[in-house]
Structures are given as C-alpha cells and as structure tokens.
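Below: the structure, in structure tokens.
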Amino acid sequence: MQDPHQCAPATSWKISKYEYDVLSVTLIVLSVASALLSVALIVLSVTSALLSVTSIVLSVTSALLSVASIILSVTSALLSIALIILSVTSALLSVASTILSVTSALLSVASIVLPVTSALLSVALIVLSVASTFFISSAPKKI
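According to the working numbering, the sequence shown is numbered sequentially starting from 8.
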C-alpha cells in the first residue's frame, strides 16, 4: 500500500501526431479568432469615437437652433410692436383724414358763402350809395 502523503510518480506526457495537429489547428483558430476580435474591438472603438463626434455636432447644432429660435422670437416680438405702431399710425391718419375732409367741406361752404356775402355787401353798398345820394339831394339848401 502506498502512503497517501507521497507524491504520485511522474508520468510522461506523450501525445500522438494526430493530437498535436489538432492542438496546432485549434491554436491557429484561436489566434485568428483573437485577431478578429481585436479588429472588431478597433472598429467598435472607432465607431464609438464617431458617435461621440456626432453627438457633439448634434449638441452644437441644437445650441445653434436654440439661438436661432430666440432670435426669431425677438424678431417676431419686434415685428408685433412695429405692427401695433403701424396700426396706431393708421388710426391717427384716419382721424387726420376725417378732420381734413370736414375742413374741406367747411371750406367748400365758405367758398359758396363768401361770394354770396360779397354780392350782398355790394348790394348794400349800392343801396347806401343811392340812399346817401337821395339824402344829399333832398337836404334843404341854404341860399
């Protein structure tokens, strides 16, 4: 009986030519797989970098669009103010137009009234002239 604390006798590892070929092919396949995984890792790293750049570009684009939106909002507000000013100006011009129309009508009436008044004054002047001539000729004469 052998002591359990004793080391096992050394055995020699002998492999056949077939086993050696199988192990060699397996090692080649694993090496190729490792190389392919390394290439895949490089491709994924490049893709990740490109996605990071794309994310930065999209963030910058979003910021620029936000600035453009703010500019458009301010422009819209300014255009609204300009529209209000134009509306008030239009209302004032309508009032001025109405005042000018009334003034024009009054001037038209005045242009009719003035010749009539002038004719009446001419008639009154003629009447006064005739009356003064009559009174002067009918006045008693001193000898």
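In this text, a Cβ means the ideal position worked out from N, Cα and C, and glycines have one as well.
> Do you know offhand how far Ser23's Cα is from Val29's?
Replying inline: 10 Å
> Expressed to the nearest angstrom, what Euclidean distance is found between the alpha-carbon atoms of Phe142 and Pro122?
Replying inline: 30 Å
>> Which of the three DSSP states is assigned to Pro147 in this structure?
In response: coil
> Considering only residues of the segment 52-104, which uninterrupted alpha helix (DSSP H) runs meet the minimum length of 4 residues and lie entirely inside it, listed in chain order?
Replying inline: none
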